[in-house]
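For the sequence shown, the working numbering puts the final residue at 180, and the numbers step up evenly by one.
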Amino acid sequence: MLVALIILVALTLAGVALMRSVDTANLVAGNLSFHQSAVQAGERSTEVAIAGWLQPNNTVGNTSLHADNTANGYRALRDDPVGNQSWDAFWNATLAAQAVTGATDAAGNTVSYVIHRLCQTAGAPHLANCAKQPAGINSGGSFGAGGIAPLTNNQVYYRITTRIAGPRNTVAYIQTIIAL
C-alpha cells in the first residue's frame with residue numbers, strides 16, 4: 001500500500017512537471033510569434049517610408065531632402081544616441097516627438113518611424129559632410145558587355161529607424177540604411 005502511494009505521488013509530480021513544461025513551451029512560441037509579427041509590421045512601415053517619402057523627393061532639383069520635415073518623420077542630419085544611452089531611451093527622449101506613427105494593425109502592432117539623412121549638417125548634401133561608401137569599393141568587377149556598372153560615389157545614405165510596439169509589451173526596433 002505504501003509503495004502504491006509513493007508511485008501515485010511520483011506520477012502526480014511528473015504530470016505537474018509535464019504541464020509546466022508544455023505551458024512554458026507555449027509561452028515561448030507565443031512570444032516568438034508576437035516578435036515575428038512586430039518585425040513584419042516594421043518592414044512594411046520601412047517600405048512606406050522609402051516609397052512614400054524618400055523616393056518621390058529624391059529627384060533632380062528637388063530640395064525637400066535638404067531640410068527637416070517633421071510631419072514626414074524626416075531629419076536632414078544624423079542624430080545618434082550619446083554615451084551609453086540605449087536606442088529605447090534615445091527614442092523616448094528624442095525620436096518619439098519626431099516620428100510618424102501609423103494606425104494600429106490587425107495584430108495590435110503600432111509602428112512609428114524616423115528617417116535620418118546621414119549628414120553632419122542640413123542643406124545640400126556634400127560628400128565632405130555626409131556618410132559615403134568606403135574608398136576602393138569600386139575596384140575590380142566586370143566592365144565588359146553585360147557586366148555590372150560600377151557604383152557611383154555621390155549617393156546619400158539614409159537611416160530609417162522603425163519602432164514597433166505590439167501586444168503583450170512587445171517592442172522591436174528595425175534600422176535600415178539605404179543609399180539614394
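In this text, a Cβ means the ideal position worked out from N, Cα and C, and glycines have one as well.
- The shortest C-alpha to C-alpha distance from Ala124 to any of Gly83, Ala165, His66 is the one to His66.
- If you draw a 10 Å sphere on the C-beta of Asn109, you find 16 or more other C-beta atoms in it, and that means buried.
- Listed as beta-bridge partners of Ile174 by DSSP are Thr162.
- Under the Cβ criterion (8 angstroms, minimum of three pairs), the region 42 to 55 counts as touching the region 153 to 168.
- Taking C-alpha positions only, Cys119 is separated from Leu180 by approximately 13 angstroms.
- Check the Cα spacing between Trp53 and each of Arg117, Thr24, Ser86: the tightest is with Arg117.
- The continuous beta strand (DSSP E) containing Val111 extends over residues 110 to 117.
- Looking at the DSSP output, Arg75 bridges to His116.
- Between the alpha carbons of Gln85 and Thr63 lies a gap of roughly 33 angstroms.
- Here DSSP, grouped into helix, strand and coil, assigns Val3 to helix.
- Check the Cα spacing between Ala131 and each of Val171, Arg168, Gly83, Ile177: the tightest is with Ile177.
- The beta-bridge partner set that DSSP reports for Asn69 consists of Tyr74.
- Close CB contacts of Tyr74 within its chain, under the 6 angstroms cut and outside five residues either way in sequence, are with Ile115 (chain order).
- DSSP places Thr121 outside both helix and strand once states are collapsed to three, so it counts as coil.
- Under DSSP, Thr101 forms a beta bridge with Ser112.
- For Asp88, the enclosing alpha helix (DSSP H) covers residues 87 to 90.
- Residue environment analysis places Val156 among the buried positions, since at least 16 neighbouring C-beta atoms fall within 10 angstroms of its C-beta.
- Looking at the DSSP output, Ala131 shares a beta bridge with no other residue.
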